[in-house]
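If you're matching positions, the sequence shown starts at 442 in my numbering and goes up one per residue. Presented below is the structure to which this report refers.
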Amino acid sequence: MLKVTGLVTSYGGIDALRGVDLSVTAGSVTTLIGANGAGKTTLINTVTGIVRARAGSIVFDGQDISRLQPHQISRLGLVQVPEGRRILAPFTVLENLEIGWQALGKRGARRRQDFDRIFELFPRLAERQRQLGGSLSGGEQQMLAIGRALMARPKMLLLDEPSLGLSPVMVKMVFEAIERLAADGLTLLLVEQNARRALDAASYAFVLERGLIASHGSAVDVRNDPAIVQAYLGTGARAALEPVVGGAGPPFLATT
Ligand SMILES: Nc1ncnc2c1ncn2[C@@H]1O[C@H](COP(=O)(O)OP(=O)(O)OP(=O)(O)O)[C@@H](O)[C@H]1O
Ligand SMILES: [Mg+2]
Numbered sequence: 442m443l444k445v446t447g448l449v450t451s452y453g454g455i456d457a458l459r460g461v462d463l464s465v466t467a468g469s470v471t472t473l474i475g476a477n478g479a480g481k482t483t484l485i486n487t488v489t490g491i492v493r494a495r496a497g498s499i500v501f502d503g504q505d506i507s508r509l510q511p512h513q514i515s516r517l518g519l520v521q522v523p524e525g526r527r528i529l530a531p532f533t534v535l536e537n538l539e540i541g542w543q544a545l546g547k548r549g550a551r552r553r554q555d556f557d558r559i560f561e562l563f564p565r566l567a568e569r570q571r572q573l574g575g576s577l578s579g580g581e582q583q584m585l586a587i588g589r590a591l592m593a594r595p596k597m598l599l600l601d602e603p604s605l606g607l608s609p610v611m612v613k614m615v616f617e618a619i620e621r622l623a624a625d626g627l628t629l630l631l632v633e634q635n636a637r638r639a640l641d642a643a644s645y646a647f648v649l650e651r652g653l654i655a656s657h658g659s660a661v662d663v664r665n666d667p668a669i670v671q672a673y674l675g676t677g678a679r680a681a682l683e684p685v686v687g688g689a690g691p692p693f694l695a696t697t
């Protein structure tokens, strides 16, 4: 569904992406993990046209999108949920969703259903329809950011660190929503520093290091790679000694 080849993106002569190859299969959840400053946001912003690539190609749904404008890319169904949520604080939840709808242009007429789908996914937003965006909690703002992106009826969502700065309860809710969207068949690229959660949710994973893909493979294989465990999965030796099979892992590994 998305194929990025040889992507190079520079900021004033410094290459943030140095030839990235990455692809995402339709209907899958793929994760991109990497440390601060690895280039994750740059990759997402380049794919959605916010930042221009210096070299390389980006093909979405069979079409080269590397020269399109951001609004043209979102209308093709490739929509970003930006890092830091970027919701409009002085506008209500409904108004913020409305902005997502406008990104779609004049196509279609199933508007009520679009709202209903989001409120069903996030009942908390339904309860807070007339509340100002700026007065929502961080987790609620993340729900709103995802909801706003869904208003554009995406074929594929690019989520940039949706769990950043959230409480454990909110992280859980956000990941549950991600899993429901995936179960509905939406294609997802999930960018995360919370590698453990992301690898649980994804079927395939790419690891970005200083602007290059350092490794990639099935989420299970990446999770069991000792170098990845050491670099991204924290708790050191103990985690490294415990192989993880499948998504949730055997019961003796349960952390709760
Ligand atoms: N607008 C910009 N101008 C100049 N340099 C930038 C700009 N945006 C990012 N960079 C640089 O590009 C590199 C990659 O940054 P990017 O934000 O893509 O990383 P990231 O993986 O998303 O990090 P984080 O996990 O902190 O969000 C960094 O060295 C950063 O300083
Ligand atoms: Mg980032």
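Even glycine gets a Cβ: it sits at the ideal position worked out from N, Cα and C.
With fewer than 16 other beta carbons inside 10 angstroms of its own, A467 counts as exposed.
For F647, the secondary structure class from DSSP, reduced to helix, strand or coil, is strand. Uninterrupted alpha helix (DSSP H) stretches at least 4 residues long and entirely within the segment 531 to 584 occur at 534 to 543, 552 to 562 and 564 to 568, given in chain order.
Y452 is classed as exposed because its beta carbon has fewer than 16 other beta carbons within 10 Å across all chains shown.
Proximity of the beta carbon of D666 to ligand 2 is not indicated: no heavy atom of the ligand is located closer than 7 Å. Where M597 is concerned, the enclosing beta strand (DSSP E) starts and stops at M597 to D601. Restricting attention to L630, A544, L538 and R569, the CA atom closest to the CA of Q554 is found in L538. Minimum Cα-Cα distance from D462 among the listed residues G490, S498 and I491 corresponds to S498. G454 counts as exposed, since fewer than 16 other C-beta atoms from the protein chains shown sit within 10 angstroms of its C-beta. Within the chosen limit of 7 Å, ligand 1 reaches the beta carbon of N477 through at least one heavy atom. The criterion of a C-beta distance shorter than 8 Å is satisfied by A639 and T472. L484 is classed as buried because its beta carbon has at least 16 other beta carbons within 10 Å across all chains shown. No heavy atom of ligand 2 is found nearer than 7 Å to the CB of T487. Between the beta-carbon of R565 and that of M584 there is about 6 Å, and that keeps the pair under the 8 Å contact cut.
Across the set L509, R589, L577 and G652, the C-alpha of R589 shows the shortest separation from the C-alpha of D557.
Note on the segment 442 to 528: whole beta strand (DSSP E) runs with a minimum of 3 residues are 443 to 452, 455 to 465, 470 to 474, 496 to 501 and 519 to 522, in chain order. Residue environment for E561: exposed (fewer than 16 other C-beta atoms within 10 angstroms of its C-beta). When the alpha-carbon of V615 is set against those of R526, H657 and R493, the nearest one is in R526. Judged by their CB atoms, V449 and R495 are nearer to each other than the 8 Å cut-off. By alpha-carbon distance to Y645, the top candidate from L631, L653 and R651 is L631. In the same chain as V470, and ignoring 5 residues on each side of it, the C-beta atoms closer than 7 Å to its own belong to A623, L629, L631, A642, A643 and S644, in chain order. Within the same chain, and ignoring the five residues on either side of Q582 in sequence, the residues whose Cβ sits closer than 8 Å to its Cβ are R526, I528 and G574. DSSP places A593 outside both helix and strand once states are collapsed to three, so it counts as coil. CA-to-CA, the gap between Q570 and A476 works out to about 36 Å.
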